[in-house]
Structures are given as C-alpha cells and as structure tokens.
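Just below is one structure, and these are the notes that go with it.
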Amino acid sequence: QLCVNTFGGFQCVTVVCPDVKNATYIKTSPMRCERNPCMSGDKVCNQAPNSISFHFLAVVSNMSAPRILFRVSAARVLGDTLRFGLGGGRGRGHFSVQRS
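In the numbering used here, each residue's number is its place in the sequence shown (first place is 1) plus 1.
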C-alpha cells in the first residue's frame with residue numbers, strides 16, 4: 002500500500018496488477034508488475050506490455066497550466082514499442098501525455 006500526501010491529509014492506494022486478456026502479471030515491487038512468460042506462439046500475450054509501472058503525484062488546486070509535472074524515459078531497443086498511459090483527473094481531460 003502506498004500513501005500519497007494530499008497537502009493536509011493523505012490517501013492510501015493499493016496497487017494491483019491489471020487483468021489483461023491472455024497475459025498474467027506478477028508484482029515485482031510495490032509499484033511495478035511484470036508479465037509472466039507467454040506460451041509459445043501466443044501472439045496476444047506477446048503483444049501485452051512486458052511491465053507496468055505505477056506513479057502517483059499530488060497536484061495542488063488552481064495550478065497554472067501548462068506545466069510539466071512528471072517526465073519519464075526508457076532505453077530504446079530496436080523493435081520495442083513504448084506505450085504510456087495516464088489515469089486521473091476524474092476524466093476531465095486536465096492531463097495529457099506528450100512525446101518530447
């Protein structure tokens with residue numbers, strides 16, 4: 002369980018590895034899940050992410066925008082695909098992911 006500062010309080014979150022069709026994940030650290038090996042020839046499993054990392058940020062109210070809150074990078078390997086997703090903002094579209 003991870004507890005995040007909410008500026009005057011806190012909110013605790015339990016990170017759970019996601020359910021993905023034809024792939025299973027194991028928690029390898031409090032904030033990371035890695036895919037179990039796929040069966041030979043299982044194309045759907047092989048296309049599922051190798052790992053999923055969770056990051057939480059406390060964001061203050063009335064913050065001016067645009068502002069970079071978080072930057073992440075990964076080593077590129079020929080043939081790899083990097084996919085980033087963002088959850089939060091209560092579906093209001095306040096946040097976005099940009100390639101730099």
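Beta carbons are placed, not taken as given, at the ideal position from N, Cα and C, and that holds for glycine. Remember, predicted model here, so these are calculated numbers, not experimental data.
Item to complete: Give the DSSP bridge partners of residue 3, in chain order.
Response: Looking up residue 3 in the sequence shown gives position 2. For residue 3, which the question treats as bridged, DSSP gives the partners 14.
Discussion item. Among the candidates 45, 40, 29, 13, whose CA atom is the shortest distance from the CA of residue 53?
Written reply: In the sequence shown, counting from the first residue as 1, residue 53 sits at position 52. The candidate whose alpha carbon is nearest that of residue 53 is 29.
Worksheet item: Would you call the region 13-25 and the region 38-55 touching, i.e. three or more CB-CB distances under 8 Å?
Response: Touching, yes.
Worksheet item: What does DSSP give as the partner residues of residue 36 in its beta bridges?
Response: For this step, residue 36 is matched to residue 35 along the sequence shown. Note: residue 36 sits in a beta bridge opposite 26.
Worksheet item: If you compare alpha carbons, which of 56, 44, 45, 43 is closest to residue 136?
Response: Outside the modelled stretch of the chain, which goes from 2 to 101, sits residue 136, for which no answer is possible.
Worksheet item: Closest by CA to residue 15, which one among 81, 4, 83?
Response: Here residue 15 refers to the residue found at position 14 of the sequence shown. For residue 15, the closest alpha carbon among the candidates 81, 4, 83 is that of 4.
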